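J.: Residue numbers (the numbering used here), protein chains in the order written: chain E, 1 to 306; chain A, 307 to 593.
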């Protein structure tokens with residue numbers, strides 16, 4: 001199966017004075033398979049939105065190639081099969097929620113009956129069925145984001161570009177939209193998700209690319225990227241003698257009332273700690289902790305800055 | 307369908323702009339106030355006479371032109387930049403919308419907005435003219451002919467020339483709108499405003515640039531060529547300025563309908579040319 005997105009040696013340098021010309025995107029290459037939920041993360045100004053805009057044909061690359069669903073980025077026929085939710089979307093405020101959806105339906109040349117049914121269906125799907133008659137001026141940020149999601153689902157797209165879809169939302173709206181993205185993934189849709197909400201990315205994405213200063217610094221599945229972290233072993237009734245005994249194997253040892261927690265980095269040391277504690281304390285739990293995407297992100301960005 | 311949808315949205319958006327509403331309301335207010343000019347202005351002392359009507363017509367047409375000029379300029383300069391600034395353009399161009407459809411839709415929306423505004427002002431203006439003409443009289447043998455006045459007659463209530471005048475104002479500013487639409491593809495609204503203003507002033511002075519570039523002109527050939535280029539490239543807004551002709555029967559155009567037809571074709575041709583250029587530039591425009 002062809003890739004949903006294929007980017008090869010893509011570079012984008014914005015115009016301006018020659019001395020100010022720093023590539024916003026610097027010779028990046030990656031692919032996104034069909035049906036994949038792909039996370040695209042990076043600090044502000046890393047080149048995320050520029051990459052998305054090139055893939056949508058809103059910007060043109062300085063060099064390199066970008067293909068979407070097998071066609072060059074910006075192909076008008078391909079746009080029938082893709083959709084885009086920009087960061088903090090803005091729509092015409094004088095229109096009602098239903099009118100906005102109807103307007104976007106018209107851009108797909110839908111007939112009146114189809115538009116009416118689609119508008120109703122989408123307003124229900126994003127939880128705005130009761131508010132469709134209100135003008136967007138009366139909508140909260142969360143409601144506007146829901147309208148944004150609704151317009152992105154009009155054409156039942158094969159590929160969705162979502163730029164910060166949960167930015168600034170309250171916890172309920174946040175949860176709803178994260179669940180929606182996950183459900184799109186389950187339906188076999190390809191999702192290209194750019195977000196600062198690393199917890200969301202970790203929850204819903206199959207693969208992640210980290211971009212910093214225009215370059216992709218890491219790409220892979222979450223299992224590949226996130227190394228197994230430390231293990232936390234908790235004992236009860238552990239004496240000071242045991243604490244001293246396990247210290248050489250531990251990264252850190254902490255006492256909390258009756259409980260002693262031993263933080264261990266390697267599997268070998270886990271066994272050594274457990275052997276040392278045998279018969280000297282009560283074992284409460286052994287919890288392996290995986291590195292989080294946030295840990296990895298911070299580590300990489302700090303490393304690059306150094 | 308797409309062009310029409312974009313046009314309708316543009317109209318809805320523009321009609322809600324407070325600044326455009328203010329231009330319209332002030333213009334309508336002043337047109338209505340002009341009813342009392344004969345009582346207040348010393349140079350027109352014959353209340354209810356044909357002179358007063360001419361004053362109201364002249365003032366009304368001039369005022370409508372100024373209001374339409376402001377509306378087309380203020381609305382036109384932000385047609386494209388505002389869509390980019392508000393990010394509405396992203397969701398539209400990410401859909402299967404061709405870039406030319408977007409430009410044509412925006413222009414059509416702007417022209418419709420202008421038409422609505424000019425039509426509202428025009429209706430009020432013509433109503434004011436009709437009201438003013440009620441009971442007004444004019445000399446049967448006008449003074450300009452040198453013949454003695456043999457009596458007075460009732461002034462006609464409805465003057466078709468005023469309708470032509472309103473149409474001319476509309477046509478004139480569809481052309482200016484097309485010029486600022488072209489500029490709005492690559493200029494910021496402020497720069498565009500002054501560029502549009504400059505183009506309009508030069509366009510109104512078309513007879514002057516024509517004289518300066520004529521064979522009889524005493525200017526240096528390079529300057530003559532320069533004025534020739536200016537005269538050719540900048541739209542001739544003077545063509546639309548028919549107020550004097552409409553108000554003074556002795557200078558009237560043989561067939562106003564025919565003249566309007568020719569000017570309509572000119573406006574159409576120029577607007578299409580501007581739109582074509584805008585489409586060519588917008589094809590490669592990064593948003």
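Note that the Cβ used here is the ideal one computed from N, Cα and C, for glycine as well.
Just so you know, these numbers come straight off a predicted model, no measurement behind them.
1. Ends of the beta strand (DSSP E) at residue 289(E)?
2. Any beta carbon of chain E sitting closer than 8 Å to that of residue 490(A)?
3. Just to confirm before moving on: does the CB-CB distance between residue 39(E) and residue 208(E) stay below 8 Å?
4. Against residue 396(A), what residues of chain E qualify as contacts under a CB-to-CB distance less than 7 Å, listed in chain order?
5. Which chain E residues are close to residue 261(A), counting only those with a beta carbon under 8 Å from its beta carbon?
6. Distance check for residue 263(E) and residue 106(E), CA to CA, integer angstroms please.
7. Which of the three DSSP states is assigned to residue 584(A) in this structure?
8. Which residues does DSSP pair with residue 264(E) in a beta bridge?
9. Starting from residue 570(A), find everything on chain E with Cβ-Cβ shorter than 7 Å and list it in chain order.
10. Residues of chain A with CB under 7 Å from residue 307(E), in chain order?
11. With H, G and I counted as helix, E and B as strand and the rest as coil, what does DSSP make of residue 64(E)?
12. Decide if residue 537(A) is buried, meaning its Cβ has at least 16 other Cβ atoms within 10 Å, or exposed.
13. So, is residue 113(E) buried or exposed, given that buried needs 16 or more other C-beta atoms within 10 angstroms?
14. With a cut-off of 8 Å, does the C-beta of residue 315(A) fall near any C-beta of chain E?
15. Three-state secondary structure (DSSP) at residue 23(E)?
16. By the DSSP assignment, the alpha helix (DSSP H) with residue 13(E) in it spans what residues?
17. Who are the Cβ neighbours of residue 265(E) in its own chain at under 7 Å, not counting the five residues just before and after it?
18. Since residue 142(E) contacts residue 25(E) with CB under 8 Å, what's their CB separation in whole angstroms?
19. Here's the rule: buried if 16 or more other CB atoms are within 10 angstroms of the residue's CB, otherwise exposed. What is residue 89(E)?
20. CA-CA distance, residue 370(A) and residue 549(A)?
21. Interface residues of chain A around residue 80(E) at Cβ under 8 Å?
22. Starting from the C-beta of residue 519(A), find all residues in its chain whose C-beta is less than 7 Å away, skip the five residues before and the five after it, and write them out in chain order.
23. Return helix, strand or coil for residue 238(E), following the three-state DSSP convention.
24. Could you pull out every unbroken alpha helix (DSSP H) segment of at least 4 residues lying fully inside the region 357-383 of chain A, listed in chain order?
25. Could you tell me which of 211(E), 188(E) and 183(E) sits nearest to residue 203(E), measuring between CA atoms?
26. Please return the same chain residues whose Cβ sits closer than 6 Å to the Cβ of residue 238(E), not counting the five positions on each side in sequence.
27. Which one or two residues does DSSP pair with residue 32(E) in a beta bridge?
28. Is it the case that the Cβ atoms of residue 491(A) and residue 58(E) are separated by a distance below 8 Å?
29. Over what stretch of residues does the alpha helix (DSSP H) that includes residue 438(A) continue unbroken?
T.: In this structure, then:
1. The count along the first chain starts at 1 and reaches residue 289(E) at position 289. Residue 289(E): member of the beta strand (DSSP E) spanning 282-290, first to last residue.
2. Here residue 490(A) corresponds to residue number 184 of the second chain, with the count starting at 1. No - not a single Cβ of chain E is within 8 Å of the one on residue 490(A).
3. For the purposes of this step, residue 39(E) is taken as residue 39 along the first chain, with counting starting at 1. For the purposes of this step, residue 208(E) is taken as residue 208 along the first chain, with counting starting at 1. Taking a C-beta distance under 8 Å as the contact criterion, residue 39(E) and residue 208(E) qualify as a contact pair.
4. Looking up residue 396(A) in the second chain gives position 90. 58, 84 and 86, listed in chain order.
5. Residue 261(A) is absent from the model: chain A starts at 307 and stops at 593.
6. Translated into positions along the first chain, residue 106(E) becomes position 106. Translated into positions along the first chain, residue 263(E) becomes position 263. The alpha-carbon atoms of residue 106(E) and residue 263(E) are separated by roughly 59 Å.
7. Position 278 of the second chain holds residue 584(A). The three-state secondary structure of residue 584(A), taken from DSSP, is helix.
8. Start at 1 with the first residue of the first chain, and residue 264(E) comes out as number 264. According to the DSSP secondary-structure assignment, residue 264(E) is paired through a beta bridge with 231(E).
9. Reading the second chain from its first residue, position 264 is the one you call residue 570(A). Simply none; closest approach about 30 Å.
10. Any answer about residue 307(E) is impossible in this case: the structure gives chain E only from 1 up to 306.
11. As a first step, residue 64(E) must be located in the first chain, where it is residue number 64. Looking at residue 64(E) - three-state DSSP - the assignment turns out to be strand.
12. To locate residue 537(A), count along the second chain from 1; it is residue 231. Its Cβ being crowded by 16 or more others within 10 Å, residue 537(A) is buried.
13. By one-based count along the first chain, residue 113(E) stands at place 113. It is exposed - the Cβ of residue 113(E) has fewer than 16 other Cβ atoms within 10 Å.
14. Your numbering for residue 315(A) matches position 9 in the second chain. Yes, contact with chain E.
15. Start at 1 with the first residue of the first chain, and residue 23(E) comes out as number 23. Here residue 23(E) sits in strand by DSSP.
16. As a first step, residue 13(E) must be located in the first chain, where it is residue number 13. Per DSSP, residue 13(E) is not a residue of any alpha helix (DSSP H); the beta strand (DSSP E) it occupies stretches across 5-13.
17. By 1-based counting over the first chain, the position of residue 265(E) is 265. Cβ neighbours of residue 265(E) beyond the five flanking positions: 230 and 251.
18. Start at 1 with the first residue of the first chain, and residue 142(E) comes out as number 142. Start at 1 with the first residue of the first chain, and residue 25(E) comes out as number 25. Rounded, the Cβ-Cβ distance is 31 Å, inconsistent with contact.
19. The sequence position of residue 89(E) within the first chain is 89, counting from 1. Of the other Cβ atoms in all chains shown, 16 or more fall within 10 Å of the Cβ of residue 89(E); this residue is therefore buried.
20. Within the second chain, residue 370(A) is the residue found at index 64, counting from 1. Within the second chain, residue 549(A) is the residue found at index 243, counting from 1. Using only the alpha carbons, I get a separation of about 11 Å.
21. In the first chain, residue 80(E) corresponds to position 80, counting from 1. For a Cβ distance threshold of 8 Å, residue set 402 of chain A lies close to residue 80(E), ordered along the chain.
22. By 1-based counting over the second chain, the position of residue 519(A) is 213. Counting only Cβ-Cβ distances below 7 Å, and skipping sequence neighbours, we find 530, 533, 534 and 537.
23. One-based indexing of the first chain puts residue 238(E) at position 238. Of the three classes helix, strand and coil, the one that applies to residue 238(E) here is coil, per DSSP.
24. Taken in chain order, the complete alpha helix (DSSP H) segments of 4 or more residues contained in the region 357-383 of chain A number zero; there are none.
25. Counted from its first residue, the first chain places residue 203(E) at position 203. Nearest of 211(E), 188(E) and 183(E) to residue 203(E), Cα basis: 183(E).
26. As a position in the first chain, residue 238(E) is number 238, starting the count at 1. Excluding the 5 residues flanking it on each side, residue 238(E) has same chain C-beta neighbours closer than 6 Å at 260 and 281, in chain order.
27. On the first chain, residue 32(E) is found 32 positions in, with the first residue counted as 1. Residue pairing by DSSP places residue 32(E) opposite 5(E) in a beta bridge.
28. Stepping through the second chain from its first residue, residue 491(A) is reached at position 185. Stepping through the first chain from its first residue, residue 58(E) is reached at position 58. It is not a contact, given that the beta carbons lie outside the stated cut-off.
29. Along the second chain, read from residue 1 onward, the residue named residue 438(A) stands at position 132. Taken as a continuous stretch (DSSP letters only), the alpha helix (DSSP H) holding residue 438(A) covers 405-439.
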